[in-house]
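Residue 93 in the UniProt record's numbering sits at position 93 of the sequence shown, and the numbers go up by one each step.
Encoded as structure tokens, the structure appears first; notes follow it.
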Amino acid sequence: MPTDVPHGARTESDGDNHVKTKILRALALALSLLAAGAAFARSDIRDGNAMVQPVKGDKYSIDGAIMGKAELYGYIGGLRDDDHITGIVLKRGGSDEQRRVIGSIAKTLGLKSFEQAGGDLKEIPQPERPAAAPAIDNPPATDGQAPAAAPAEEPAGH
């Protein structure tokens with residue numbers, strides 16, 4: 001069987017396979033780095049509890065993001081649904097208002113609430129009844145128009 005290609009020489013299809021192999025290896029490396037990054041992104045969950053760091057100005061830090069109480073409520077709700085957390089821990093240094101907010105968020109979402117006290121966890125009291133979701137700190141943007149008037153009520157008997 002004579003061939004036109006000398007022994008050991010690469011053909012065009014060999015070059016294509018070599019490029020495909022390099023691309024697949026690079027893709028596998030990128031995916032493994034992405035998976036490792038995702039594992040570290042949720043580093044503030046320990047023993048089923050979301051670990052929240054108090055920040056000045058009644059703000060909170062978790063997973064590297066600083067947020068207000070409304071954003072924290074939404075974020076903790078996502079952790080409850082996706083990662084099945086069972087509690088919220090406010091790391092030491094929080095104000096009375098921050099403890100109250102953590103207790104309220106936990107009660108509304110059906111979670112336990114704690115404050116870090118040394119090496120132990122101290123339970124944060126929760127309100128008697130579930131509170132409504134925290135109000136958004138920033139009012140919604142408007143386009144400069146006045147709000148629409150409420151519809152008029154119809155007179156009785158018509």
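Glycine included, every Cβ here is placed at the ideal spot set by N, Cα and C.
Best match in the options for proximity to residue i [C-alpha to C-alpha]
| i | options | result |
| --- | --- | --- |
| Asp-83 | Ser-43, Ala-30, Leu-24 | Ser-43 |
| Gly-78 | Gly-110, Lys-91, Leu-90 | Gly-110 |
| Tyr-60 | Leu-24, Lys-91, Asp-16 | Lys-91 |
| Arg-46 | Tyr-73, Asp-63, Lys-56 | Asp-63 |
| Lys-102 | Gly-118, Gly-119, Asp-58 | Checking the displayed sequence, the identity of residue 102 turns out to be Ile instead of Lys. Answer by Cα proximity: Asp-58. |
| Gly-119 | Val-89, Thr-108, Glu-97 | Val-89 |
| Gly-97 | Gly-68, Thr-21, Asp-16, Arg-25 | Per the sequence presented here, residue 97 reads as Glu, with Gly not at that position. Of the listed residues, the one whose Cα sits closest to Glu-97 is Gly-68. |
For residue i, the three-state DSSP class (helix, strand or coil)
| i | result |
| --- | --- |
| Gly-74 | helix |
| Lys-107 | helix |
| Glu-115 | strand |
| Ile-85 | coil |
| Arg-46 | strand |
| Asp-16 | helix |
| Phe-40 | Summary for Phe-40: the model assigns pLDDT 49, below 50, so the residue's position carries little reliability; its value from the coordinates is reported in the next sentence. In this structure, Phe-40 counts as helix in the three-state DSSP scheme. |
| Val-101 | helix |
| residue 159 | This structure leaves residue 159 out entirely; the chain is present only between 1 and 158. |
| Lys-69 | helix |
| Lys-122 | strand |
| Ile-23 | helix |
8 angstroms Cβ cutoff met for residue i and residue j
| i | j | result |
| --- | --- | --- |
| Arg-100 | Glu-115 | no |
| Pro-127 | Ser-104 | yes |
| Lys-125 | Ser-95 | Per the sequence shown, residue 125 should be read as Pro rather than Lys. Cβ atoms of Pro-125 and Ser-95: not closer than 8 angstroms. |
| Ala-106 | Gly-87 | yes |
| Ile-23 | Ala-70 | no |
Pairs of beta-carbons, one from the segment 44-57 and one from the segment 71-86, closer than 8 angstroms: are there three or more? yes
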